[in-house]
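Since the structure comes first, as structure tokens, the remarks are kept for the end.
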Amino acid sequence: MEHTILEMKGITKEFPGVKALNAVDFRIVRGEIMALLGENGAGKSTLMKILTGVYPKTQGLIIYEGREVSFNGTKDSQASGIAIIHQELNLISQLTMGENIFLGREPVNAVRKIDSRALYKESEALLKRLGVTEDPHTITGELSIGKQQMVEIAKALSLDAKIIIMDEPTDALTDTETENLFRVMRELKAEGRSLVYISHRLKEIFEVCDYATVLRDGEFVAEHAVSDLTEDKIIELMVGRKLTEQFPRIESKLGECVLEVKHLSNEYVKDVSFTLRKGQIVGIAGLMGAGRTELAKTIYGAISKQSGEIFIDGKPVEIKSPQQGIKAGISYVSEDRKGNGLILGLSVRENMTLSALKSFSNSVGTISNAQEEVVSKDYVKKMSIRTPGINQLVKNLSGGNQQKVSITKSLMTKPKIFILDEPTRGVDVGAKKEIYDIINNFKKEGMSIIMISSEIPEILGMSDRILVMHEGKITGELDRDHATQESIMKCAVGANGGEDK
Amino acid sequence: MRTLLQKDKLMKYKSIIALILFSVIVTIINPSFLSLSNILNVLRQTSMNAIIAAGMTFVILTGGIDLSVGSILGLAGAVAAAMITRGQNVFVVLIAALLIGAAIGALNGVVISKGKVQAFIATLAMMTLVRGYILVFTDGKPIGIEASKNADIFTSIGSGYILGIPIPIYITALVFIIAYYILKHTRFGRYVYAMGGNEEATKLSGINVDRVKIYVYALSGALAALAGIIVTARLSSAQPQAGAGYELDAIAAVVLGGTSLSGGIGNIFGTIVGALIIGILNNALNLMDVSSYYQLLAKGLVILIAVLLDRKNK
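As they're listed, the protein sequences go chains A and B.
Each residue of the first sequence is one higher than the one before, starting from 104 at the first, in the numbering used here.
Each residue of the second sequence is one higher than the one before, starting from 826 at the first, in the numbering used here.
If you want it as structure tokens, here you go:
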């Protein structure tokens, strides 16, 4: 007997400049496990944040147990019996496991003193149910990430919620931990609770879920019973869109090998080798946390390598800092332009010239104002950056224009090797096209480009060669004529066994 | 839109407007405030704090803090006095004192950047350590320099006049002109703002942020030493407790001048105004014969109110 406990209807969410969700329908079935699937950026987490009231919705209805509801943050939704385990850990590492589980809801006695005995006794029971044997007095920060995730899950269990949402909980878990989680999920289901399960690991969907809803580009694609689906069918639903004309790939004559990476390894990347030639765009695809940004930062010198070699123009180089990276002819455009790409409180001009300030100043370090102004204005025009002027603060620009400022900053160092990390994230469609044109121009001028992107169509549309990463390793190296959205997705979820090389 | 623009301008000049208003009130209460000799007196008294605050502005713009400036002032003064009593050349004495300040500052910078210690803790430790060393060095007694060979030239740095204006005022003016130039027109100044705005982004932009930090603290130390020279020269002796508590006046001047304690926002011009507000306040309370106990009370209140008003406007 099927019954909907919660329904979201026509949910639309607009962030400044971006439509994250467009009229999405989604439902949670009573006593069943609903999988929520989609690529990075498809809107899964956003949808769940709207459900729990973390984000306000722009449009749409939420009907819970037959009544329209609107929550005001997780505390509010918790009170109504909806618990969420976020993708990011929200634990205080200095507190014990037990203290974290009951944070803000500590059991107290008559004089408001925390009843530690009850707190730890209950924590122990919750953890035991999840198969965690650690003493709940253990300081959370001393646990592995997987165990910390289990604390987060125990916290959600302790809420005794009717609906439990799990946003990629298994990313950091070992196989045994995952098995324990699945067992508990089945138990919760048997108790009549309803679950939402978000994961990139498609195999898990078949193991525990009953239904699956697929989102793509912020829109609802389909809802099916899992028994009607296959892995291939899901991938098709997730990526199934046509490549539009927005990627005007240009042919360029491939030159000699500019960059060669051999057996690069550290904490984040494992034995990565590849080559990049003059006038070539190598796309790096993969899911979040696959180690792509870390690979880029290791090559650029922002993260130190443990072993392996890097050759530029055939000569071995030792790059230990971004300064040395820039000197060696490498430039890196960060994926997180607000967090570590731009300095929002400085002007367009000051951001643009930051990396190349030496070329605008004399030997004692005085900056030539006139020269800086001329060059900045020139780049504003060349990159068609829409700003009232070069002295406008960067924080007042739109995402696309900020991104162009960020690219310009790197460009001014005159790199041979240009690493662009998610160059179109958070950028509207029009500006995307402009950024593709800019990248293609670099290619035409003979620059070698590494483009990291979570958007598979972008990777397919722009790259001459495609690398796919999964858990720090390169699991696929695809020729652009043979790559398809499906083959990339297979490597990205590690479903190809890493044998596509 | 127009009123918005006007408001914007008002915001920009509000510290100087506050300074003028404040001066007018003080003049009404006590007209002798406006006499030339008193104004020069205020400026001279302010100069020490202003010089330290100039260095502190750099530090705070990077998002840091320097609590060791008072102790550095004391040590530089004591070393200068000891060298003068041994008949050293004044020029050599000045260079030595400034280098000591810069070296201790640089050490702060190294501990903070390479040792990854929070600036507050690193400079707090240095404050205590250096003050302790002063006591060891001076045996807890003042070092008088009156009878020494080069004492006259040295003391003129603190108490001499050129064209009727006290020498410390010239030194302060020079410090601020150079500081303005560095912040506004040099690579180093740009990096200071960039680092305070977003250290991670600055690092990823290929800037050696550790080096910028070390330079900034070295500069702060050198300027504290300069203030130490002036204090010692003015008093003709080095006191073991000289400079104690000065770091707080300097931080107050920087913050009153509108520089954000979280870094990246502010300018050196505001710091002059902030130092002057504190200087005038001290002077006015003296003119009004307020007991020194109440002076501290008043100073604390003014700083609190000024900073609260500033927050409200944001």
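No residue lacks a Cβ here, since even glycine has one placed at the ideal position from N, Cα and C.
**Prompt:** If you draw a straight line from the C-alpha of V132(A) to the C-alpha of S196(A), how long is it?
**Reply:** 35 Å
**Asked** Among V254(A), Y482(A), L150(A), which has the Cα closest to the Cα of D128(A)?
**Response** For the residues V254(A), Y482(A), L150(A), the minimum Cα distance to D128(A) belongs to L150(A).
**Min CB distance E227(A) to chain B below 8 Å** = no
**Message:** Using the Cβ count rule (16 or more neighbours within 10 Å means buried), how would you classify S1006(B)?
**Reply:** Sequence inspection shows Tyr at residue 1006(B); the Ser mentioned does not correspond to that position. Looking at its Cβ environment, which holds fewer than 16 other Cβ atoms inside 10 Å, Y1006(B) is exposed.
**Item:** Collapsed DSSP secondary structure at I446(A) in the structure displayed
**Value:** coil
**Item:** Whole-angstrom distance between E117(A) and K529(A), CA atom to CA atom
**Value:** It is Gly, not Lys, that sits at residue 529(A) in the sequence shown. In a straight line, the C-alpha of G529(A) is about 12 Å away from that of E117(A).
**Message:** Taking the straight line between their C-alpha atoms, what separation do you get for V324(A) and M111(A)?
**Reply:** When the Cα atoms are used, V324(A) and M111(A) turn out to be separated by approximately 14 Å.
**Asked** According to the Cβ coordinates, are M565(A) and I384(A) closer than 8 Å?
**Response** yes
**Asked** Which term fits H189(A), buried or exposed, when burial requires 16 or more other beta carbons within 10 angstroms of its beta carbon?
**Response** buried
**Message:** Taking the straight line between their C-alpha atoms, what separation do you get for L346(A) and K1028(B)?
**Reply:** Note on L346(A): pLDDT 44, under 50, position unreliable in the model; the coordinate value appears next. Distance between the alpha carbons of L346(A) and K1028(B): 37 Å.
**Message:** I'd like the list of long-range same chain contacts for N863(B), defined as Cβ closer than 8 Å, with 5 residues on each side in sequence excluded.
**Reply:** S857, N1108, L1112
**Asked** Within the 8 Å Cβ cut-off, does F1028(B) reach chain A?
**Response** A small correction: the amino acid at residue 1028(B) is Lys; Phe does not occupy that position in the sequence shown. Yes, its Cβ sits closer than 8 Å to a Cβ of chain A.
**Prompt:** How about K160(A) and I108(A): are their beta carbons less than 8 Å apart?
**Reply:** In this structure, I108(A) does not lie closer than 8 Å to K160(A) by Cβ.
**Asked** Cα separation between T963(B) and G1070(B)?
**Response** Cα to Cα, T963(B) sits roughly 19 Å from G1070(B).
**Span of the alpha helix (DSSP H) around V235(A)** = Per DSSP, V235(A) belongs to no alpha helix (DSSP H) and is neither H nor E.
**Request:** Note down the Cα distance separating G965(B) from I897(B), rounded to an integer number of angstroms.
**Result:** 16 Å
**Prompt:** My guess is that A393(A) and M572(A) are in contact by the Cβ rule of under 8 Å, so how many angstroms apart are they, rounded?
**Reply:** A Cβ-Cβ separation of about 4 Å places A393(A) in contact with M572(A) under the 8 Å criterion.
**Message:** Determine, for T852(B), whether the minimum Cβ-Cβ distance to residues of chain A falls below 8 Å.
**Reply:** No - not a single Cβ of chain A is within 8 Å of the one on T852(B).
**Prompt:** When burial is assigned at 16 or more other CB atoms within 10 Å of the CB, is T277(A) buried or exposed?
**Reply:** exposed
**Request:** Compute the Euclidean distance between the alpha carbons of F174(A) and I267(A), then round it to the nearest angstrom.
**Result:** 15 Å
**Request:** Run through the segment 151 to 201 of chain A for me and flag every whole beta strand (DSSP E) of 3 or more residues, listed as ranges in chain order.
**Result:** Taking only runs of at least 3 residues, the beta strand (DSSP E) segments lying wholly in the segment 151 to 201 of chain A are 162 to 167, 185 to 188.
**Request:** Kindly indicate which residue of G249(A), L233(A), L206(A), E202(A) has the alpha-carbon position closest to the one of P239(A).
**Result:** E202(A)
**Prompt:** How many angstroms separate the CA atom of I1054(B) from the CA atom of L960(B)?
**Reply:** Roughly 18 Å separates the two Cα atoms.
**Within-8 Å CB hit, N1092(B) to chain A** = no
**Request:** Sort E326(A), L233(A), R289(A), K231(A) by Cα distance to E135(A) and report the nearest one.
**Result:** Looking only at E326(A), L233(A), R289(A), K231(A), the smallest Cα-Cα distance to E135(A) is reached by R289(A).
**Prompt:** Distance, Cα to Cα, L1060(B) vs G983(B)?
**Reply:** 8 Å
**Prompt:** Of all the residues that make up the segment 512 to 523 of chain A, which are near chain B by a beta-carbon distance shorter than 9 Å?
**Reply:** Cβ contacts with chain B come from K512, S513, T516.
**Prompt:** Rounded C-beta distance between L1101(B) and L844(B)? I'm assuming under 8 Å.
**Reply:** With 8 Å as the limit, L1101(B) and L844(B) qualify as a contact, their Cβ atoms being about 6 Å apart.
**Request:** Buried or exposed for Q251(A), please, with buried defined as at least 16 other CB atoms from any protein chain shown within 10 angstroms of its CB.
**Result:** buried
**Request:** Thinking G146(A) and M341(A) are a contact (beta carbons under 8 Å), I'd like their distance in whole angstroms, please.
**Result:** For G146(A) against M341(A), the beta-carbon gap comes to about 12 Å, at or over 8 Å, which does not count as contact.
**Request:** Step through the CB atoms of chain B and report whether any lies within less than 8 Å of the CB of S466(A).
**Result:** no
**Request:** Could you please give the first and the last residue of the uninterrupted alpha helix (DSSP H) stretch that includes D582(A)?
**Result:** Looking at the DSSP string, D582(A) is not in any alpha helix (DSSP H); the run it does join, the beta strand (DSSP E), is 576 to 582.
**Cβ-Cβ distance between K448(A) and L379(A) below 8 Å** = The question names Lys, but residue 448(A) in the sequence shown is Gly. Going by C-beta atoms, G448(A) is not nearer than 8 Å to L379(A).
**DSSP three-state assignment for K941(B), whether helix, strand or coil** = coil
**Message:** Using a Cβ-Cβ cutoff of less than 8 Å, which residues in the same chain neighbour I256(A) once the five nearest sequence positions on both sides are dropped?
**Reply:** I188, L233, M269, P272, L284, V287
**Request:** Using a Cβ cut-off of 8 Å, pull out every chain A residue sitting near A1019(B), in sequence order please.
**Result:** I446, L449, E453, L457
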